[in-house]
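Read the structure below first, then the notes.
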Amino acid sequence: MGYRKGYYKKDGTYVQGHFANTRSRSFTKKNSGCILIFLLSLLIGSVISCSESSDTSNGSSNTSNSNCPTKTCGDFSSQAAAQSTYNNNKKCYKNLDSDGDGIACENLGK
Numbered sequence: 001m002g003y004r005k006g007y008y009k010k011d012g013t014y015v016q017g018h019f020a021n022t023r024s025r026s027f028t029k030k031n032s033g034c035i036l037i038f039l040l041s042l043l044i045g046s047v048i049s050c051s052e053s054s055d056t057s058n059g060s061s062n063t064s065n066s067n068c069p070t071k072t073c074g075d076f077s078s079q080a081a082a083q084s085t086y087n088n089n090k091k092c093y094k095n096l097d098s099d100g101d102g103i104a105c106e107n108l109g110k
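Residue 44 in UniProt numbering sits at position 44 of the sequence shown; the count goes up by one each step and never skips.
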């Protein structure tokens with residue numbers, strides 16, 4: 001919105017200054033519905049993606065904690081004992097193989 005100065009018409013009459021809309025004529029309030037729909041879909045999409053990621057992280061931690069006992073290399077006296085435990089259930093005891101080469105607790109003596 002801007003203030004328009006007074007001016008004279010071609011017929012000589014004076015038009016007093018007044019406030020005038022400075023927006024372009026192509027922008028109307030009809031476009032606000034599209035913007036609203038876009039913002040709502042963006043909001044719903046972000047809520048769904050956040051809830052799915054938190055559900056999967058909570059679900060995976062609950063299943064891994066309930067099904068798998070927590071073991072570290074310090075719980076084994078030799079590398080062979082750690083390797084046999086690792087071979088029995090590689091998903092449960094993946095923390096025994098730190099570099100992912102299939103050999104558990106490489107720092108323990110054989």
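We treat Cβ as the ideally placed atom computed from N, Cα and C, and that holds for glycine.
Bounds of the beta strand (DSSP E) holding residue 3 are 2-4. Residues 82, 96, 104, 105, 107, 108 of the same chain have their beta carbon placed closer than 8 Å to that of residue 73, with the five preceding and five following residues left out of the count. Boundaries around residue 81 are those of the alpha helix (DSSP H), 79-88, since no beta strand (DSSP E) includes it. The straight-line gap separating the alpha-carbon atoms of residue 36 and residue 20 is approximately 27 Å. Close CB contacts of residue 14 within its chain, under the 7 Å cut and outside five residues either way in sequence, are with 6, 8 (chain order). In chain order, 68 place their CB closer than 6 Å to the CB of residue 92, counting only its own chain and leaving out the 5 sequence neighbours on each side.
Judged by their CB atoms, residue 4 and residue 12 are not nearer to each other than the 7 Å cut-off.
Judged by DSSP secondary structure, residue 20 falls within the beta strand (DSSP E) whose first and last residues are 18-20. Beta-bridge partners assigned by DSSP to residue 47: none are found. In its chain, beyond the 5 residues on either side, 71, 76, 93, 96, 104 have a beta carbon closer than 8 Å to the beta carbon of residue 85.
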